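The structure appears right after this line, and notes come after that.
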Amino acid sequence: MRRSSMVAKQVISIESALGLGFVSQLWVDTLSWNVVIVEVRPNLLSGDSERFLLEDVCQVGDVVLVENERVMENELKMVGLETLVGYEVVTPGRRSIGKVRGYTFNVNSGALESLELDSFGISIIPSSLVSTYALFVEDVLEVASDKVFVHEAAAARLQRLTKGWWGAQNVGKSFNEVEEYYDLEEDRLANDRRTRREFRRRRSRPKSRENQDDLDLPMDFL
């Protein structure tokens, strides 16, 4: 599940059918790389926050269902938890390869699968406007001081999710290099397809000419 598929949804108690607020944030344990806590507010813009464990979620659809209101009565420790969104992604050599705009995770276990990057790290910007990339969690070394440190070669393993017209000019050289790499790959694949089509056309022409020549021969010759 994508983080954006859960944030901003209303939380409903199955037992009482009461609305408990809206999901305003998810908190990640960056040692185990699991989403562990769901933060809820009365509305998305203001109000005191309350929290419950992701494991207390019964179902996620148009709303988020929990068993009852008591799930928010537990005292939860926030030490070692991060929100990740907006964090800069850098290599040990301090090369920036983008910012975290979201992530995908298993809603049943909480396990993070990949980080979603763009050039701004602002999740409300539609992915159709900016180029977005997936970075596998296995490439992450550590999280510190609002930065996600990744392997030096992580940029070469990014997978493009969307190509937007707004964004790459505001980030570091590494992210621009990723953009250029994918653009070159797309051009190369397009050229390969054109070459194959032209080759097939050329192969079909002599055969057609031979058939025409056969039709032009006198019957007694055949």
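Each residue of the sequence shown is one higher than the last, beginning at 255 in this note's numbering.
Ideal Cβ positions, reconstructed from N, Cα and C, are used throughout, including at glycine.
Since this is a predicted model, take the numbers as computed values, not measurements.
Whole-Å CB distance - residue i paired with residue j, under 8 Å assumed
{"i": "Y357", "j": "E336", "result": "Between E336 and Y357 the Cβ distance is about 11 Å, and since that is not below 8 Å, they are no contact."}
{"i": "V339", "j": "G375", "result": "7 Å"}
{"i": "L298", "j": "A262", "result": "6 Å"}
{"i": "M260", "j": "V318", "result": "7 Å"}
One or two residues paired with residue i in a DSSP bridge
{"i": "N288", "result": "D283 and A365"}
{"i": "E396", "result": "F403"}
{"i": "V261", "result": "Looking at the DSSP assignment, V261 forms no beta bridge with any residue, so it has no partner."}
{"i": "E293", "result": "Q279 and R305"}
{"i": "S267", "result": "V320"}
{"i": "G273", "result": "I266"}
{"i": "R247", "result": "Outside the shown range of the chain (255 to 476) lies residue 247, about which nothing can therefore be said."}
Option nearest residue i by Cα separation, candidates the options
{"i": "V384", "options": "L415, E406, L366 and A398", "result": "L415"}
{"i": "L308", "options": "Q279, R348 and R349", "result": "Q279"}
{"i": "R324", "options": "E269, V333, S350 and K353", "result": "E269"}
{"i": "P380", "options": "R355, V402 and F359", "result": "R355"}
{"i": "A398", "options": "L272, W419 and L285", "result": "L285"}
Beta-carbon contacts of residue i that lie in its chain and below 6 Å, excluding the five residues immediately before and after
{"i": "D310", "result": "V320 and V325"}
{"i": "E327", "result": "none"}
{"i": "A408", "result": "D393"}
Own chain residues within Cβ distance below 8 Å of residue i, not counting five before or after
{"i": "E367", "result": "Y357, T358, F359, N360, F390 and V391"}
{"i": "L395", "result": "P346, F403, V404 and H405"}
Chain-order list of residues whose beta-carbon lies under 7 Å from that of residue i (same chain, five-residue window excluded)
{"i": "D283", "result": "V290, G334 and L335"}
{"i": "K417", "result": "S385"}
{"i": "R295", "result": "G275, F276, S278, G301 and S303"}
### Query
Which whole runs of the beta strand (DSSP E) in the region 324–391 are 3 residues long or more, in chain order?
342–344, 350–359, 366–372 and 386–390
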